[in-house]
Every structure is written in C-alpha cells, then in structure tokens.
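Undergrad: Pasting in a structure now, in structure tokens, and then I'll have a few things to ask.
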Amino acid sequence: MNSLLDIQSIRKDFPVLNRQVNGKPLIYFDNAATSQTPKQVIQSIVDYYENYNANIHRGVHTLSQEATEAYEKARHTLQTHLNAERPEEVILTSGTTHSINIVASGFSSLLKEGDELLVSAMEHHSNIVPWQMTCEKSGAQLRVIPMNDKGELEMDEFDNLLSEHTRLVFCNHVSNALGTINPIEEIITKSHAVGAAVLIDGAQAAPHFKVDVQQLDVDFYTLSAHKVCGPTGIGLLYGKRSWLEKLPPYQGGGEMIAEVSFEKTTYADLPHKFEAGTPNIAGGIAFGAALDYMNQIGFEAIAAYEGELLAYATDQMKQIEGIEFIGEAKNKASVISFNLRGIHPYDVGSILDKLGIAVRTGHHCAQPVMQHFNVPGTVRASFAFYNTKEEIDIFVEGVKTAQRMLS
Ligand SMILES: *Cc1c(COP(=O)(O)O)cnc(C)c1O
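Heads up: the sequence shown is residues 845 to 1251, going by the numbering used here.
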C-alpha cells in the first residue's frame, strides 16, 4: 500500500516535519487537533500578501478584482470538493464552531416548546453548547443518543428517540475523541423520514475522506480548514439552499446587506447573507489550496494508507501491558485514544514530548465522552497521511518508556 503514496516525497512538502523537538526529530501525532501545512498552502498565503492583498467584492481596481476572483475560485473548489449543487450553498466561516453557531442561532427562532433536538453522546463541545443555548432561548428540549462501551452509537435507542417532535438531529461524522465513524447515512435517512433536519459536524471526517453532500442528502455539513492542511481561522458551512434561505442572518454588518437605511435593512443574497464583514481572504484562498493539495494526493489513497497505519499502531500498542483503549468501534478513523493503567494521561504526554513526540492529552473538548468511560482524559495519537510506520515504532517505544518511568 506504501506504493500508492510516495510518503518520502510528500513529507518534503511539510517544512515543519524537518524540525527537532527536545533534540529529537519531531513526530507529529496530534493531527486530530490540527494538521500540518504543506508549502503549497503556505505559498498561497504568501502570494496573496505579496501580490494582490486587497478587500474583496466591492473594489473596481485590479487588486480587488484579483482577490475577489481568487476567493470565489476557492469557494468553487470547496463546492466541487463537497459536490454541493450551488456555490452559494458554501458559506465561508471561521471554522466548524462558527458554522454550527450560525445554524444553532438561526434555529432559535424556528423552534418552540415541545420541539426536540437529538444530539449524539460523543459530540465535541462545539456541537453541544450552541444547541443548549438554542434550547434556552426557544424552550426546545435536547435529548441524547447514547453510545455503547466500544464508543458506537446505540442505533436502536436512536430509533426510539426519533419522533414527530424531532426537529433537528446533529452528530459528528467522525468522533475526535474516539475515532468512531458514525453511520450518518442511516441517521440522515431516518431523521428525514420523521421530517427532521440533520447537521453533520465533518471537522474530523474531512481529513480522511471525501463526502458527497447531494448523495448524502444532508441538510448541513461543517468543516475546519486547519484539519485538512489549511490555515486556522477559516472553515465552511454547507447548507441546502432552502434551509439557508429560511435561517435568519447570524451577524449584521457590511457585506451581508442589500440595502441599509435607518428605517429598514434588507439582506444580501446567499452566501453573503451569512458572511458579514471583511472575511479571512488569505485563509479562504489557502483553504482552497489545501483541498487541491489533498485531492491531488487522492482521498482513496489517503484513507487506505491511514487504515494501514491505524491497524499497525493498534497491533503494536496491544502488546503494551496495562494499556486501555478508549473507543474500539468497528468503524474507526486513524485516531487512537488510550490510557496506561494507573497513570495520568498528562504525565504520559509530557514524557512523549521530551522524546519529540506530539500527542494530545485531556478531554479533547468532549467531557461527556470522558464521563461515559469514567476517565479524566486520554492520551490521543492521531495519524495523517504524512506519518510513517517508523514513527509509530518510535512512539510505541516512547509509550513503554513513559510507563517504565511512571510506574
Ligand atoms: C476540531 C473539531 C471541532 C471544532 O473545530 P474548530 O476548528 O475548533 O471550530 C468540532 N468538532 C469536531 C469533531 C472537531 O474535531
């Protein structure tokens, strides 16, 4: 499978992978928190600031036109990537958190007492808290789809919870804390059957595979650029046109209006209705460059290779005595959450850092998941297509070293 991807030449695209940390070559296994950035994407940002930095959409001058063209070309790249029907169904946001807040805030005015929202038990805080605020404002009720001890949703319970009161169901495509790939096709079909809309948080799925929003028939889908080799501070909200027209704007300001007077303001058409103010222009352009980069490598090859890394790492780690895996779903992305019996995850992470290995420790913005498994947090190693089996070998030795030092 290594032949599918030329990993050594891919690694040359990522300048940061050359650096040393604490005197050791960096091993970056914190890809679920943020991915690294290839020089092609960095160059797109430099190119914008060096050659055509200007505000978009309103200028008649050349730089403004070039910037507008590049920004809208990026939107087109995102649209094509998701196979959205129209470019205006792709709203550029500051990231998944912002995207979810647009929908959650908009729904506050569409919901009433007696309405129900269903949330999965394995959500990131950004797909819980905005909805709690929506419920407070509207009187709607939040109900939780439980999961089993492998970290898989209990779909029978989901069937029981769905009813004619359900207005909206939201769930991540891939859990950032556990790696679980959720059965979103089934969730979408069943939700639609009772007339409920569906928002899928795709932040953690996007680095690993491509989705077709029309084929999924999903109502809303979210992404963050910084998890797909792009910069921070930019992401997208895909929404079906009919839904985006129904939702009220989230922020008021420039760019999002058709006409303003002190008596009455009318809003701009999509996508601008949800894009108030000067956007992250360089970020949007770089987001497009990042998906171009990943598509050029190919998501099928990426998924196959990462699947190999996951299987290899899982096998190696199973040999470690006293290891407890948190999240063992049958269907998993290349994320491994674990603990060493009797040792705090933070201590393991600190020793790995001394060895140049970056992993995440803590609750991963998913405290309810930690409560389910009754742990304070986990150590999480997450692999990207630029990681290697050699790095996994060094990591596994590092975990064993940490265990020896801490027990
Ligand atoms: C990272 C992540 C988020 C939050 O994304 P931001 O870029 O921080 O807005 C939400 N959900 C999941 C599953 C994530 O992995």
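Each residue gets a CB set at the ideal place from its N, CA and C atoms; glycine is no exception.
What's the gap between the Cα of Tyr896 and the Cα of Leu1135?
TA: 21 Å
Undergrad: Count the other CB atoms, across all protein chains shown, that sit within 10 Å of the CB of His925; report buried if there are 16 or more and exposed otherwise.
TA: buried
Undergrad: Can you tell me whether DSSP reads Leu1080 as helix, strand or coil?
TA: In this structure, Leu1080 counts as strand in the three-state DSSP scheme.
Undergrad: Report yes or no: do three or more beta-carbon pairs, one from the segment 1162-1172 and one from the segment 920-934, lie closer than 8 Å?
TA: A contact is defined here as three or more CB-CB pairs under 8 Å, and the segment 1162-1172 fails this definition with respect to the segment 920-934.
Undergrad: So what does Leu1043 bridge to, in DSSP terms?
TA: In the DSSP output, where bridge partners are listed per residue, Leu1043 has Phe1014 and Phe1064.
Undergrad: Check for me: the alpha helix (DSSP H) holding Ile854 runs from which residue to which?
TA: Ile851 to Lys856
Undergrad: What is the DSSP secondary structure of Asn846, counted as helix, strand or coil?
TA: For Asn846, the predicted model reports a pLDDT of 48, less than 50, meaning its position is unreliable and no value from the coordinates is stated.
Undergrad: Taking only the alpha-carbon atoms, compute the straight-line gap between Ile1187 and Ser1251 and give it to the nearest angstrom.
TA: 7 Å
Undergrad: With distances taken Cα to Cα, identify the nearest neighbour of Arg1185 among Gly1151, Gly1074, Ser1194 and Glu1168.
TA: Glu1168
Undergrad: Just checking Ala876 against ligand 1 - is the residue's beta carbon closer than 7 Å to any of the ligand's heavy atoms?
TA: yes
Undergrad: Out of Ala1102, Lys994, Ile1201 and Asn875, point me to the one whose CA is closest to Val865's CA.
TA: That would be Ile1201, whose Cα lies nearest to the Cα of Val865.
Undergrad: Is Ser1007 helix, strand or coil by DSSP?
TA: Reduced to three states, the DSSP call for Ser1007 is coil.
Undergrad: Pick helix, strand or coil for Gly1142, following the three-state DSSP scheme.
TA: Three-state result, Gly1142: coil.
Undergrad: Looking at the structure shown, is Asp1237 part of a helix, part of a strand, or coil, going by DSSP?
TA: helix
Undergrad: Going by DSSP, what residues sit across from Val988 in a beta bridge?
TA: Val963
Undergrad: Quick check: the Cα distance between Ser952 and Arg855, rounded to an integer number of angstroms?
TA: 46 Å
Undergrad: Where Asn846 and Ile1180 are concerned, what is the direct C-alpha to C-alpha distance, given to the nearest angstrom?
TA: For Asn846, the pLDDT reaches just 48, beneath the cut-off of 50, and the residue's location in the model is therefore unreliable, leaving the point undetermined.
Undergrad: In this structure, does DSSP put Gly1186 in helix, strand or coil?
TA: coil
Undergrad: Does the segment 961-981 come within contact of the segment 1008-1019, defined as at least 3 CB pairs closer than 8 Å?
TA: yes
Undergrad: Give the straight-line distance between the Cα atoms of Asn992 and Asp1000, rounded to the nearest whole angstrom.
TA: 11 Å
Undergrad: Buried or exposed, going by whether 16 or more other CB atoms sit within 10 Å of the CB of Phe1239?
TA: buried
Undergrad: Could you spell out where the beta strand (DSSP E) holding Tyr1111 opens and where it closes?
TA: Where Tyr1111 is concerned, the enclosing beta strand (DSSP E) stretches over Thr1109 to Tyr1111.
Undergrad: Just checking, does the segment 1213-1232 make contact with the segment 1151-1161 on the three C-beta pairs under 8 Å criterion?
TA: yes
Undergrad: Measure the alpha-carbon distance for Cys979 versus Pro1220 and round it to whole angstroms.
TA: 28 Å
Undergrad: Write down the C-beta distance between Ser888 and Ala1133 rounded to the nearest angstrom, noting that I regard them as a contact closer than 8 Å.
TA: 4 Å
Undergrad: What residue does the alpha helix (DSSP H) around Leu936 start on, and which one ends it?
TA: Here Leu936 belongs to no alpha helix (DSSP H); instead the beta strand (DSSP E) covers Val934 to Thr937.
Undergrad: In the DSSP output, what is Asp874 paired with across the bridge?
TA: Ser1226
Undergrad: Just how far apart, CA to CA, sit Arg1224 and Arg1204?
TA: 5 Å
Undergrad: With distances taken Cα to Cα, identify the nearest neighbour of Thr878 among Ser1068, Lys1117, Ser853 and Trp1087.
TA: Closest by alpha carbon: Ser1068.
Undergrad: Does Gln1058 pass the burial test, meaning 16 or more other C-beta atoms within 10 Å, or should it be called exposed?
TA: exposed
Undergrad: Helix, strand or coil for Phe1106 per DSSP?
TA: coil
Undergrad: Three or more beta-carbon pairs under 8 Å between the segment 896-907 and the segment 1041-1060, yes or no?
TA: no
Undergrad: Does DSSP put Val860 in a helix, a strand or coil?
TA: helix
Undergrad: Start and end of the beta strand (DSSP E) containing Arg902?
TA: Arg902 -> no beta strand (DSSP E), and no H or E assigned at all.
Undergrad: Is Ser970 close to ligand 1? I mean its beta-carbon at under 7 Å from any heavy atom of the ligand.
TA: yes
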